[in-house]
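Here the sequence shown stands for residues 31 to 235, where the numbers follow this note's numbering.
Here is the structure we will look at, set down as structure tokens.
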Amino acid sequence: MFAKASDILEMAQKDEALREQLAQSGELARYDYHPLLEKCHLENAQKLQHILNVHGFPTLQNSNPQVVEACWLVIQHAISQPAFMKACLSQMQQLPDTIFPRKYQAYLSDRIAFYQRRPQRYGTQFDYDDNGHMAIWQLEDPLQVDAWRQSVGLPPLSDVYERLKTYVPISKEAASAHQKQMLDWLVRTGWYQVEDTQTSSFFAH
């Protein structure tokens, strides 16, 4: 059994409990990225990085699906730590599919692309577009995306479009403010360079 399985599960549970608490209180909606969540994610990333350095990744071979998913969740949420997320993706890609499900690589690689303002391959990331509607982030290849999704065990993109219908639109002004705050945060955390700024839409339609 993986030595630090309980620690990894505890980190993921702490993350989810805090998110639920902030959502219930209405605090979560007041921020693009709530400071308490960012603090939690940073602390979890630091702890997990130490575990991975010493013990390697939990897998379906040395642990169980719950621990593997919790490990991925902590990495997926470490969004203010670009170097950590990229290093984890590189290590994941070296693990056989039989012991570390490829869907986790898909989600992580898409998230990295999203924060680098690059097209995503699997269509797992979305955000408010210029009109205030929740939309899928730009796709690497719209004609190939469902085949790529199927190859990693994800449902068709049509399922994602159905999910997006449940999001309440925001005003164009709110969307513009959100995108500005996002860009400022991306520059501050090192995901994005100011000279990379583009004005064209990044969303799939």
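Ideal placement from N, C-alpha and C gives every residue a C-beta, glycine not left out.
Exposure label - residue i; buried when at least 16 CB within 10 Å
i, result
"H80", "exposed"
"A177", "exposed"
"N74", "buried"
"Y61", "exposed"
"M122", "buried"
"E192", "exposed"
"E50", "exposed"
"V224", "exposed"
"P65", "exposed"
"R141", "buried"
Spatially closest choice to residue i from the options, by CA coordinates
i, options, result
"W221", "K116, Q121, P185 and Q135", "K116"
"L173", "M164, L187, G183 and N161", "L187"
"Q135", "E203, A205 and V98", "V98"
"V104", "A42, S201 and V198", "A42"
N-terminal and C-terminal residue of the alpha helix (DSSP H) that residue i is part of
i, result
"M115", "P112 to M122"
"F144", "R132 to Y145"
"I129", "No alpha helix (DSSP H) contains I129, which DSSP labels as neither H nor E."
"A42", "A35 to S55"
"V190", "L187 to L194"
Simplified DSSP assignment, three categories, for residue i
i, result
"E73", "helix"
"L82", "helix"
"S93", "coil"
"D62", "coil"
"A205", "helix"
"Q223", "coil"
"M212", "helix"
Counterpart residues of residue i in DSSP-defined beta bridges
i, result
"Q180", "In DSSP, Q180 forms no bridge with anything."
"Q150", "L169"
"M164", "Y158"
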